[in-house]
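For reference, the structure discussed in these notes is given below.
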Amino acid sequence: MISIIISSAKTKLLSLVSENIKNTIGVEHEIIAFDNSAGAKGIAEIYNLGIRQAQYDLLCFMHEDIELLTPDWGVIVNNIFAQNPEVGLIGVAGSSYKPLTPSGWNGIGNEEYYTNLKQSYKFSDKPPELKYHNLTDQKLVQVACIDGVWMCTTREIALRHLFDESFTGFHVYDIDLSLNIGLSYRVAVTFEVLLDHFSEGSYNADWLNDTIKLHKKWEPVLPVSITNKSVTEMISIERRTFKYFISQLIRFKFPLSIALDMLNLNNRYRKLSTGLYLKLRYYILTGKVK
């Protein structure tokens with residue numbers, strides 16, 4: 009019923025998550041795992057290989073450093089797609105607003121995000137915590153894009169919306185897929201499936217490069233606002249997110265001319281607000297982002 013597709017970097021983690029899936033999924037399944045311990049292939053290429061090999065109607069792309077905590081979660085996933093034909097992609101974390109500004113799946117200052125997972129920490133001494141954030145009383149909430157730790161769709165949809173293999177690394181594949189599928193279907197966060205993620209996300213120069221590339225690709229449709237935010241709200245989020253974008257360019261020693269290029273791309277910021285455009289231009293020219 010469900011094909012699980014995993015890009016594996018560590019044999020031990022794959023073994024643990026495979027046993028966990030077997031004990032919790034509650035439906036017939038297969039695990040299609042690819043040894044990518046050498047990092048020779050990007051996640052987009054690996055996931056496309058898995059899509060083409062999958063024999064079941066539902067697909068689940070997941071990290072191997074997780075533990076599914078919800079019994080019979082496969083039954084839940086099957087019911088979501090069976091009962092909601094307008095839904096094309098689900099996850100456990102996402103945002104109702106995807107900024108125009110290069111960023112992750114949520115902008116700085118946007119409170120309309122939705123998460124339902126236990127987060128453990130690999131790169132700090134923080135104790136595990138439940139990251140639950142739901143502004144509604146709904147178990148399934150539409151969003152603009154989701155996080156790639158755990159994503160489910162149908163095989164039919166995946167074959168028509170393959171991952172973009174021009175992204176050759178390990179970043180932005182989730183946002184790209186969300187925006188792609190979101191053109192035809194609803195993307196959603198489910199609050200019926202809980203998992204433990206053993207490591208937090210990390211950002212580096214490769215992430216920034218891919219994020220800039222992603223936003224150039226999707227600039228014609230960004231920003232995406234599921235709840236139709238007011239212009240005032242959008243300006244606030246874009247301003248704060250752009251300041252963070254500049255700080256990341258400085259952090260990874262990218263030329264600030266990249267920020268100017270993004271600012272002037274098809275005059276999108278000026279069309280949103282001339283005042284915003286002038287403020288962002290000032291931030292770039294002065295480097296004042298604190």
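Residue numbers (the working numbering): 9 to 298.
For each residue, glycine too, the CB sits at the ideal point set by N, CA and C.
Since this is a predicted model, take the numbers as computed values, not measurements.
Between residue i and the rest of its own chain, which residues show a CB-CB distance below 8 Å, the 5 nearest in sequence each way excluded?
{"i": "Ser244", "result": "Gly117"}
{"i": "Met9", "result": "Val35, Glu36, His37, Tyr64, Asp65, Leu66, Gly82, Asn86"}
{"i": "Val232", "result": "Tyr105, Lys106, Ala152, Cys153, Leu187, Gly190"}
{"i": "Thr162", "result": "Asp65, Leu66, Leu67, Phe89, Gly96"}
{"i": "Ile84", "result": "Thr78, Thr198, Glu200, Val201"}
Can you check which of these residues, the options, is closest to residue i by C-alpha distance?
{"i": "Ile165", "options": "Ala152, Asp65, Asp73", "result": "Asp65"}
{"i": "Asp145", "options": "Ile154, Thr109, Tyr122, Asp155", "result": "Tyr122"}
{"i": "Arg247", "options": "Ser111, Gly102, Gly50, Asp80", "result": "Ser111"}
{"i": "Ser2", "options": "Leu284, Ile54, Phe206", "result": "Any question about residue 2 goes unanswered here, given that the chain covers just 9 to 298."}
{"i": "Ser192", "options": "Tyr55, Asn274, Glu94", "result": "Glu94"}
{"i": "Leu268", "options": "Glu137, Phe175, Leu284, Leu288", "result": "Leu288"}
{"i": "Leu230", "options": "Val25, Lys296, Ile266, Arg276", "result": "Arg276"}
{"i": "Gly309", "options": "Gly283, Glu241, Phe262", "result": "This structure cannot settle anything about residue 309, because the visible part of the chain is limited to 9 through 298."}
When the Cα atoms are used, what is the spatial distance from residue i to residue j?
{"i": "Ala48", "j": "His169", "result": "23 Å"}
{"i": "Gly177", "j": "Pro107", "result": "22 Å"}
{"i": "Ile51", "j": "Ile59", "result": "12 Å"}
{"i": "Phe42", "j": "Lys20", "result": "14 Å"}
{"i": "Gly156", "j": "Ile14", "result": "11 Å"}
{"i": "Val239", "j": "Asp184", "result": "24 Å"}
{"i": "Thr32", "j": "Glu72", "result": "15 Å"}
{"i": "Tyr291", "j": "Leu167", "result": "43 Å"}
{"i": "Trp226", "j": "Gly99", "result": "21 Å"}
{"i": "Val137", "j": "Leu125", "result": "Before going on, a small fix: residue 137 reads as Glu here, not Val. Whole-angstrom Cα-Cα distance: 9 Å."}
Leaving out the 5 sequence neighbours to the left and right, which residues in its chain are closer than 6 Å to residue i when beta-carbon positions are compared?
{"i": "Lys147", "result": "Phe199, Glu200"}
{"i": "Glu75", "result": "Asn28, Asp204"}
{"i": "Gln150", "result": "Arg194, Ala196, Ile234"}
{"i": "Lys130", "result": "Ser207"}
{"i": "Ser281", "result": "Ile243"}
{"i": "Asn56", "result": "Leu170, Phe171"}
{"i": "His223", "result": "Pro110"}
Kindly identify the DSSP beta-bridge partner or partners of residue i.
{"i": "Trp158", "result": "Met70"}
{"i": "Lys139", "result": "Leu125"}
{"i": "Ser233", "result": "Tyr105"}
{"i": "Ile14", "result": "Ala41"}
- Message: Going residue by residue through the region 148-198, where are the continuous beta strand (DSSP E) segments of at least 3 residues, counting only ones entirely within it?
- Response: For the region 148-198, whole beta strand (DSSP E) runs of length 3 or above, ordered along the chain, are 148-151, 158-162, 194-198.
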